[in-house]
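These protein sequence lines are chains A, B, C, D and E, in that order.
Here this note's numbering is used: position 300 in the first sequence is 319, and no number is missing along the way.
Here this note's numbering is used: position 16 in the second sequence is 430, and no number is missing along the way.
Here this note's numbering is used: position 33 in the third sequence is 34, and no number is missing along the way.
Here this note's numbering is used: position 21 in the fourth sequence is 1026, and no number is missing along the way.
Here this note's numbering is used: position 127 in the fifth sequence is 128, and no number is missing along the way.
A virtual CB, placed ideally from N, CA and C, is assigned to each residue, including glycine.
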Amino acid sequence: MPNILSYIFVFPLFIALLMLLIPAQKEQIFKSMAFAAVSVQFVLSVLLMIGFDQSINPNTWSGAFQFVEKLDWINLSLDTVGNFKIQYFLGVDGISLPLVVLSSFVMLIGVVSSWNIRKKVKGYFILYLILSSSIMGCFIALDFFIFYVCFEFMLLPMFFLIGIWGGKRRSYASIKFFLYTLLGSLFILVVMIMLYMGVREEGVHTFSLVAMMDGNYTSDSVLGLGKEGTILGFSARALAFIFLLIGFGIKLPSVPVHTWLPDAHVEAPTPISVVLAGLLLKVGAYGLFRILYGIFPDIALEYAGLVAFFGVVSILYGGTNALAQKDLKRMVAYSSVSHMGFVLVGLASLTSTGFSGALFHLVSHGLISPALFLIAGVIYDRTNNRTIDCFSGLASKMPTYTFFVALFFFAGLGLPGMSGFVGELMVLMGAFASNNLKMWVGLSAIIGIIISAAYFLWTIQRMFYGTYFIRKSAWESNMFDLTIRERWMLIPLAVLVVVLGIFPRLILDYSIETIDFFIQHLSNYTP
Amino acid sequence: MLAVQILIGLMIVLGVGIIVFSRNIIHAAYALSLALLGIAGVYVLLNAELLAVVQILIYAGGVVILLAFGVMMTHRLRGEKVLSGAKNQFPAAITAIAIFVILAHSISETNFPGNKVPKMNNQVEHIGVAFLTEHIVAFELIAFILLVALVGAAYLAKLAANE
Amino acid sequence: MNEELIRYYLYLAAFLFSAGIFVVLTKRNLIFILIGVELLLNSANVILATFSQFDPQLNGQIFAIFSVVLTVCEVSIALAILLNIYRNHKVSNLDELQEVSNE
Amino acid sequence: MSSLWFFLIIAILPLIGGLIGYFSSEKKTVFAITSIVISFLLTMLGIVSFSGELFFSSEWLNDFEVTIFIDRTSLLLIALVTFISFLVQVFSLEYMGEDPGKNRFYAKLGLFVFSMIGLLLADNLLLLFIFWELVGLSSYLLIGFWYKKKGVSQSARMAFMVNRVADTALLAGILLLYAQTKNLSIANLSGNISFLPSILIAIGAFGKSAQFPFSGWLTKAMVGPTPVSALIHAATMVAAGVYLLFRTAPYLHPHAMTIIAYMGIVTAFYGAICAIIQYDIKKILAYSTISQLGYMAMGVGVGAMEASLFHLFTHAFFKAGLFLGAASIMHFLHKIRAKDAQDLRFMGGLKTRLPWTYRSFLVCGLALAGLPFFSGFMSKDGILLGSWVFAHDHGGWAYLIPDLGLITAMLTAFYVGRMILLIFWGEARFTNGIAISEKNVVSVPLALLAMFSVWIFHDWNPMSHQGWIFSLLAITKSHESVGSLIPYLSILLAIAGMILAYSLFKPGTNYNNTITEMNEPVSKSVNVVFHGFYLTHLYENVGKFFKSISQFSILVDQKGIDPLLHFSAVSSVVFSKVLALIDRFIVDGPVNLLAYLSGYIGRRFAGLSSRDGQTQLGWLLLIVTLVLIYIQLF
Amino acid sequence: MKLRDQLHDILHDLSFIGSETVLVLGAIVLLVTGLITKHRLLLKLIFSITLIFSFYLNIQLVEGGLFLSDSLFMNAEIVSFASLFIIAGLSIVVFPRKKHGAEFYFFILALVVGSIFMMKANSLLIIYLSIELVSFVSYILTSFSFRKEGHEAGIKYLLFGALSSAIMLIGLGLIYGITQSFYISIWTPELFSSLLVQVGVLFLVFGVFFKCAIFPFHMWTPATYQSAPVDAVALFSIVPKLGGLVLLKRVFLNLAFDFSHWLILLVLFFGMATIIVGTFGALRQFNTRRMISFGSIAHSGFLLGLVITPSVEYKEAFWWYSSAYTLMNLAAFYVINRYEDVSIYTNSQYSLSKKETLMAGGFTLILVSLVGIPPLAGFTAKLFLFTSLWEIFIDTGSKTSLTYLLVSVFATVASLFFYMRIPYYAFLHKNNSSNSELSIVFSQRSKIIATIFAILLLVLFFTPKLIMSLQSLLNNVHE
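Structure representation (structure tokens):
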């Protein structure tokens, strides 16, 4: 199917445009349309997965991508400076493909969980579909400009989705979210411009990520490899690396720039939390993969310890914070911080295993954390309350719910046999085996496993075991077990979590060739 | 010659001095006309007769009368003096003196090129031709500006009268 | 006239300029401030006229004439606005005007 | 390949059986039992038909293979696991008969058996770790089976957390090993593992096998259903640590081995001491298990791996028998609504009420006590002999190991005697209720387990410390040359212990006196022992320490933290509170400060524009003047 | 040459200023028509026809003759900007205007003419006259509102203007004195070695700063923008500002200073100060117009960075930013106008308009574009700005331009704080006030126009060629 990526990218947007024309009263239509749009997206991405050739063993980055679509989008002639050229350049490789499929899947779950949105349905689903397109755009863009545009444009729908459909302190949360991420993306913007000015393809400045990763620097670029000269005491490349680290670190999020996340999560409506945790964080991580490590491998080698340090701090700090939380959703949010720390550690290891592990961990977390937020949403739907202390002994009243909670909590704490374990394991294997990291990285990161067990189990103990108790008797009538819809959201996630935990190569096989090439590419820069 | 120069200088300094130190607006307006006349004298000394004439006609005759009208229209003149208070005198004085010193310093530091051209007999004709040739655009432009100012002033005054 | 004398004219202009600034900054009455503005503009005209001596084209003088005309326009507009203000607020001081319109 | 499937079926059948039972509408247990029987029979078939070793590998992750290795040892242990769990499941038909969550129980048991078999099959340390964790999970689930009961979930969590800490160490050890050798297959291990991974692996084993100081969780785990305790916390799962040590011992760093030996004997002694004065029947058995596991670990540490494995094997039978016996007793007392179903002080005279239970309990107890003609004697002797050899080789402090071992043997005999006397002899100290007879589902498993605690099933020679299991494993090893006195010494000590117990607790003694004396401990030291050296409180004290440090921050917080003295989590909770404060003030601080500053500057500049026009002009001119001055000067 | 020949040549050359002539004549016709009839549509028609005809002549233009080319300067860029001004002027008709139509449009035309002359000026005299023309029109228009504070703003504006023009006039005099010529095209760097003439140039630059609202000559902006009629403000914020910047650009090109010359550094410093003052000043504003006015001050600062460049290379970026800025400001002020029609003046009042999602949504897009977030034209503009600054840094190694870049980036972040305030109130803020039943309804027409503006901003992002091709079209006509 030619241009399949474009279809994936544009289709939800197209449906969103169609929705604009439909009067706002017909709420059911919007739900069905959104569901259809995301389903089509999902089917297309599955087709993409089927059509993907796992065996391609690239020699350069330009050879690594499949389903490439390349058109000149903007080609301005700027007299003496040359051409200002932006390409419509899409493609997937082993790193982005799993994330593409993941995001279409999570978006689908998100639509289902949006089913009981009552307020301003039209606006909600239009924004949701725009969000879907822009997330997808981030994963498939091979032109930095398109990536950046999608990266930025996620903010607006997210801002409104949190700000209008969110909880009590929603406006605070949405603004905090917006400011933090905008700050981050401006750092990225600066580097983007530096790169654009420094990289040429066929004699023209280009935003092409592929050219950037292949290192086609012009001779006068300050970003060229091994350039002398410093800005503020750093070489230009190191500075760019740090800027990108901050930019994507905010999105990831990594301690100490994580504070937007708990607030945003707590105030966001359930489906948006699902998308936020499942996908938005992945976009930050994907940026680290594709841009930070793809373009600056030499600095990545140099600064591996720094990245690992932030990773370890995120793991431990996020974990201990999760332990102290009283709000279920907030706890899950902090656990996300902790989990994303593993991604940083995996990247910092600069080994094939570590990279695969980080990628796998992204996919796995992309399945587990939406489920955890759905779980928090279930109790919130019934009682408008998520405080852990308000509930006890729910297992006797809601056995199916408890089953899923236990399943996903154990997945979250990295129990073998579930996908969470594989990611953490591979990351740790990478960290221990890496030549670039000292042993303390692995030893400290592994403590995160203990902490995650502590907060998940403690939560189970407090909320689900013991004698049945709820804080307000008024909730009693709502304390029914999972509905059919809720079950059908959780079951696919549960199945995938278990299947991927047992057969991780279902994902890993797609990415291994790309990652091997990546590592081999990295090793060229070893001093 | 020197005496004339000194006289003119004194006129200006006196006029400006009154403006600066007086609180009475009417006095200031008269002092202004004094200073303007002095400046017209300077123009004569600088071989710019036409300018001097314009200065006297328009400024001394026009602007000052306009100002006087302004005073009369905006104040009840009968019986009381039209006084204006002053504020920020000290900082303003510092600023003014500083600017004077700086300008004077730059002037004294600069060497002025060229030679003085001899006085022209047909100055008015020359200027008239220049208006219509070299400065035709400016000439047209100022005509339009006059129109704009006229319409504007009239319209605003009319608005004021209507309300 | 020798070269040195030029400087004195320029000093005169500088004097007018500073005096104008002082007036503009200190006086409360709007008409008084306008008088200060006149001083400022005259100082510029003096400069133009001074330099005009060196110019066979007499451009400086021409410029000064234009400038004088513009000054008139400016004053007339200012007075029109002033009139408006006076009609509306019965004040002619800038301070009072600010107080009035802040209410 | 087909043989691989054969073993996979053995492993997965119990799980499938349990799950079918769980999802079937009528809560049937027959599936679970049937599947485990098939599994057992298949294993026996395997033992009979296989003689060599089997090795399978599969690429699980890219460039990373997981391997399965099957030899006689693993097959034998699988047979043990399936057999005992079969007996336990049968027993549970009665014991759990009226529980509404019966099918859930069987499903969890199925999960456990599956994981345990997986653990035994695994060769790759990582695969082993995976099942290791799953075993821990099923233990957690089963301990927390009666989740509504107070304190149960807490105990379950504590058990899991202690295990998790140790497991993490194990994982770290495995990963370090991988980083150093790029090999995780035990079968392919060679040479010495360096110290750090060795000790980390050992810590992992300590956690699972409840070695001091991780032993606290095992006593807590006793809140689970007693058949579960029999299967998991006595016979099989806790032995997994020993199994791991057995497998890896030849490659471990010598220092690590020495540490294992010392820790083992400390644990053994500790368990025995604590067991002496307990009243709770399950607690006694739990401490006794700890003590026996200490023996096993010590055995590995001193190099008598085979003896340890043998002890593991024999211990599984008699300890399962004891636990099931205890379960039977408790079930009985529960049925007749006695005051407390677990307290020795409210038992007595059960000999006649529960004859089959008594008989089996006696046999298993004597095996535990290490009297000749019972299995326990044979295997324990092997370990003691090994330790003697070890001490002989090392000299000095190493003699502490066999010495303490022998003392422990005496203590063991003493508490066994005490337990049996208090439970079965004398007169009943409970209010008599309806007489209930033992059912076959109870007595048959008990009898079977007791039967396997007799010497004859292990070796013809009652004094031998090498069962035919050794020949089955094709191991020949002998310590006969030295320390031949050891068996006799241990017999003597055991008998002495028994006599001591009889003299203190013989029927007709004033139980009340003894009991009261024990009930209100005369001295603090007794109390310490009674509470297992406060091991479970240790963590709480650590937490309190942290809490006192952070009192200040709590005061700041003004909210006051509930006295949530949960395990070591407390320290973390307090710590996290502090972190949360840091989060609010330090991390968010700059952002807020920035917002405030920008607001302040904004006010200033807005003020500049809204103030009076002439002042603004003044500012403007001031700036112009400054610029001019700048020009003049530079 | 004989006078007669000269006059003949001049007559011939008049086609050179055909478009301006048309504007002036149209203005006069409009004024006269206004005396006869108050028919709004007719007035708008004349206004539009004048502008369209002028536009036509503007792009049809041929190279100027000898005489005029002394006083006026012309290149493709200036023609493009003139077209932009004309278009901006033309778009004023979408603003509703009930009273004083004829005079108002007359002054608008005068403003456009003045700005075009300002850009084209080659002679110091024309610079002065055109700036004064623009200033006079602005003073008048500021008082043209029917609010009382308009007069105050007008008189203050006038005072600032008078002071600035006096300063500039002195500067012009000094320059004239040293160079002995009016024409900036003959400037050479050597002429500017002496101190006095440097002061002169500085004063000239200050005079232009006043028109562009650049620190420290920005102080008149908020009051003026707040009280002048919105349609006038929309034009104030665009036409004179851009005209002044184009002029400034030419001045600096002719000066041909080295990039590290102190004057350039000083101007860049003022540019940064402008950005900072504009951004931080806006943070505390609760009146929407004042807020936007501070925002536009910051935008002047951004634009100034593109003007003061060592070479012509960055004119595309400047052109793009200007066009986008024009569109954004027109759009923003149009929407503000619509809101003010229903009495929303302060930011917090936007919470009253919860029902009008389309209008508020459109406004949000426009504001977001002003911040510079994709996918809106404002982002592309910022992108060009940052790119150019970076390129300058690479080319010259000037730390100042790097600082400028950083200041711009951070100001962009900070600008979010205030621009997003309106969407915050319009969408997120809970409306606690008692008059929540006050329902706001916008006419279909204003909704459509606002939507068109927002869509244009989107379209320009996706097809930035559009603006460039407009310019190249104009260029082609000339060549």
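Contact list for D/I1634 against chain B, beta-carbon separation under 7 Å:
The residue labelled residue 1634 of chain D in the question sits at position 629 within the fourth sequence. Per Cβ cutoff of 7 Å: I516.
9 Å Cβ cutoff met for A/M448 and D/F1069:
Within the first sequence, numbered from 1, the residue matching residue 448 of chain A stands at position 429. Within the fourth sequence, numbered from 1, the residue matching residue 1069 of chain D stands at position 64. In this structure, D/F1069 lies closer than 9 Å to A/M448 by Cβ.
Roughly how many angstroms separate the alpha carbons of B/S520 and E/T289, rounded to a whole number?
For the purposes of this step, residue 520 of chain B is taken as residue 106 along the second sequence, with counting starting at 1. For the purposes of this step, residue 289 of chain E is taken as residue 288 along the fifth sequence, with counting starting at 1. Between B/S520 and E/T289, the C-alpha separation is close to 45 Å.
Of the listed residues A/F260, A/Y199, A/R188, nearest to A/M213 (C-alpha basis):
Taking the first residue of the first sequence as 1, we reach residue 213 of chain A at position 194. The residue from A/F260, A/Y199, A/R188 with its alpha-carbon nearest to that of A/M213 is A/F260.
Excluding the five sequence neighbours on either side, which residues of its own chain have a C-beta within less than 8 Å of the C-beta of A/I34, listed in chain order?
As a working note, residue 34 of chain A is residue 15 in the first sequence. If we look at A/I34 and ignore the five residues flanking it on each side, its Cβ neighbours are M52, A53, A55, A56, L148.
May I ask which residues mark the beginning and end of the alpha helix (DSSP H) holding D/V1140?
Position 135 of the fourth sequence holds residue 1140 of chain D. Run containing D/V1140: 1130-1148, per the alpha helix (DSSP H) assignment.
Same chain, Cβ closer than 6 Å to E/G172, five either side skipped, listed in chain order
In the fifth sequence, residue 172 of chain E corresponds to position 171, counting from 1. Correct list, in chain order: G201, F204, L205.
If you draw a straight line from the alpha carbon of D/Y1248 to that of A/Y474, how long is it in whole angstroms?
As a first step, residue 1248 of chain D must be located in the fourth sequence, where it is residue number 243. As a first step, residue 474 of chain A must be located in the first sequence, where it is residue number 455. So the alpha carbons of these two residues sit roughly 30 Å apart.
Quick one: is C/L59 near chain B, going by C-beta distance under 9 Å?
The residue you call residue 59 of chain C lines up with position 58 of the third sequence. Interface annotation, C/L59: in contact with chain B, CB-CB separation under 9 Å.
Is A/E221 helix, strand or coil when you go by DSSP?
Translated into positions along the first sequence, residue 221 of chain A becomes position 202. In this structure, DSSP gives A/E221 a state outside helix and strand, which the three-state scheme calls coil.
Simplified DSSP state of D/G1565, which is helix, strand or coil
Position 560 of the fourth sequence, counting from 1, holds the residue named residue 1565 of chain D. Model confidence at D/G1565 stands at a pLDDT of 29, short of 50, so the residue's coordinates are unreliable and nothing is read from them.
Counting along the chain, where does the alpha helix (DSSP H) carrying A/S152 start and finish?
As a working mapping, residue 152 of chain A is identified with position 133 in the first sequence. Note, A/S152: alpha helix (DSSP H), 140-159.
Could you run through the region 117-143 of chain E and flag, in chain order, every residue whose CB is less than 8 Å away from some CB of chain B?
From the region 117-143 of chain E, only F118, S124, L126, I127, L130, S131, E133, L134, F137, V138, Y140, I141 have a Cβ closer than 8 Å to chain B.
Pick from D/L1013, D/T1087, D/A1240: whose alpha carbon is nearest that of D/T988?
Since the first residue shown for chain D is 1006 and the last is 1639, residue 988 of chain D is missing from the structure and cannot be characterised.
Give every residue of the same chain whose Cβ lies closer than 6 Å to the Cβ of D/A1372, excluding the five residues on either side of it in the sequence, and list them in chain order.
Counting from one through the fourth sequence, the residue named residue 1372 of chain D turns up at place 367. Cβ within range, chain order: F1323, F1379, S1380, G1381, S1458.
Please confirm whether E/I185 has its beta-carbon closer than 9 Å to some beta-carbon of chain B.
As a first step, residue 185 of chain E is located in the fifth sequence; it is residue number 184 there, counting from the start. Judged by the 9 Å Cβ criterion, E/I185 is not in contact with chain B.
When the Cα of E/E78 is compared with those of E/F183, E/G244, E/H219, which residue comes out closest?
Position 77 of the fifth sequence, counting from 1, holds the residue named residue 78 of chain E. Closest option to E/E78, judged by alpha-carbon separation, among E/F183, E/G244, E/H219: E/G244.
So the candidates are D/R1169, D/V1042, D/F1011; which of them puts its Cα closest to the Cα of D/S1054?
Here residue 1054 of chain D corresponds to residue number 49 of the fourth sequence, with the count starting at 1. Ranking the options by Cα distance to D/S1054, first place goes to D/F1011.
Residue closest to D/S1203, alpha-carbon to alpha-carbon, out of D/K1155, D/L1175, D/A1226, D/N1188
Within the fourth sequence, numbered from 1, the residue matching residue 1203 of chain D stands at position 198. Comparing Cα-Cα distances from D/S1203 to each of D/K1155, D/L1175, D/A1226, D/N1188, the minimum goes to D/L1175.
Could you check whether A/S530 and A/S453 sit closer than 9 Å to each other, using their CB atoms as the reference points?
What you label residue 453 of chain A is simply residue 434 of the first sequence in a count that begins at 1. What you label residue 530 of chain A is simply residue 511 of the first sequence in a count that begins at 1. When the beta-carbon positions are compared, A/S453 and A/S530 stay at least 9 Å from each other.
Under 7 Å Cβ-Cβ, which residues of chain D neighbour E/L164?
Numbered from its first residue, the fifth sequence carries residue 164 of chain E at position 163. When 7 Å is used as the limit between beta carbons, E/L164 is near these residues of chain D: L1622, in chain order.
Is B/I420 near the ligand ATP, going by C-beta to nearest heavy atom under 8 Å?
Inclusion of the ligand ATP in the displayed structure is not the case, the ligand content being empty and no account of it being possible.
Judging by CA-CA distance, which residue of A/G110, A/I465, A/N78, A/V62 is the nearest neighbour of A/N22?
Taking the first residue of the first sequence as 1, we reach residue 22 of chain A at position 3. If we check each option's Cα against that of A/N22, A/G110 comes out closest.
Any chance the region 1126-1141 of chain D sits against the region 1038-1051 of chain D, with 3 or more Cβ pairs inside 8 Å?
Not touching, per the Cβ criterion.
Name the DSSP bridge partner or partners of D/D1348?
Stepping through the fourth sequence from its first residue, residue 1348 of chain D is reached at position 343. Answer is D/D1285, bridged to D/D1348.
Can you check which of these residues, C/L6, C/A50, C/L42, C/F67, is closest to E/Q181 by C-alpha distance?
Residue numbering aside, residue 181 of chain E sits at position 180 when the fifth sequence is read from its first letter. Here the closest residue by C-alpha is C/A50.
Considering only residues of the same chain and omitting the five flanking positions on each side of E/L58, which have a CB-CB separation below 7 Å?
The count along the fifth sequence starts at 1 and reaches residue 58 of chain E at position 57. Hits under 7 Å: G19, S20, V23.
When burial is assigned at 16 or more other CB atoms within 10 Å of the CB, is B/M415 buried or exposed?
Numbered from its first residue, the second sequence carries residue 415 of chain B at position 1. Counting Cβ neighbours within 10 Å, B/M415 comes out exposed, since fewer than 16 surround it.
So what does DSSP say about D/F1550, is it helix, strand or coil?
Taking the first residue of the fourth sequence as 1, we reach residue 1550 of chain D at position 545. With a pLDDT of 46 at D/F1550, under the threshold of 50, the predicted position of this residue should be treated as unreliable, and no value is reported.
From E/I43 to E/A233, what does the alpha carbon distance come to, in whole angstroms?
Taking the first residue of the fifth sequence as 1, we reach residue 43 of chain E at position 42. Taking the first residue of the fifth sequence as 1, we reach residue 233 of chain E at position 232. Per the sequence presented here, residue 43 of chain E reads as Leu, with Ile not at that position. Computed Cα separation, rounded: 20 Å.
From this set, E/T34, E/K157, E/L125, which residue's C-alpha is nearest E/Y106's C-alpha?
Residue 106 of chain E sits at position 105 when you count from the first residue of the fifth sequence. Ranking the options by Cα distance to E/Y106, first place goes to E/T34.
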